[in-house]
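Novice: Provided herewith is a single structure, encoded as structure tokens, for subsequent inquiry.
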Amino acid sequence: MLLKFWPNIDLTEFSHYIWAILPYAIMWVIWCLRNDAIFNNADFLCEKVVITIKATIWSWLEISKDSLHCRAGHAFNELRTEWATMF
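Using the numbering used here, the letters of the sequence shown map in sequence onto residues 382 to 468.
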């Protein structure tokens with residue numbers, strides 16, 4: 382359902398790449414951290430989920446040449462601290 386109803390919004394090029402992969406990153410990170418909590422008794426903390434989603438998005442932006450080129454003008458710290466201004 383998350384993917385089916387994910388909204389299309391008008392964004393800058395950098396934010397567009399982030400928005401396009403955000404639902405996948407959310408699902409992947411929750412899956413991985415949930416498994417870590419179940420099988421390794423790790424803590425499932427909201428703060429850890431959020432920062433891991435942002436780090437996953439940052440690393441996934443290296444997958445395509447277009448998104449990597451767009452990422453070149455930004456730093457991970459910007460993604461981490463200025464999230465609310467991107468959307």
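Built from N, CA and C at the ideal position, the CB exists for glycine as well.
May I ask you to verify whether the segment 430-445 touches the segment 393-408, counting CB pairs closer than 8 Å and requiring at least 3?
Specialist: yes
Novice: Go ahead and pull the three-state DSSP assignment for Ile-402.
Specialist: helix
Novice: Note down the Cα distance separating Glu-459 from Glu-443, rounded to an integer number of angstroms.
Specialist: 16 Å
Novice: Using alpha carbons as the reference points, say which of Arg-452, Glu-463, Ala-418 and Ile-390 lies closest to Ile-432.
Specialist: Glu-463
Novice: Would you kindly work out how many angstroms separate the C-alpha atoms of Asp-424 and Trp-400, rounded to a whole number?
Specialist: 27 Å
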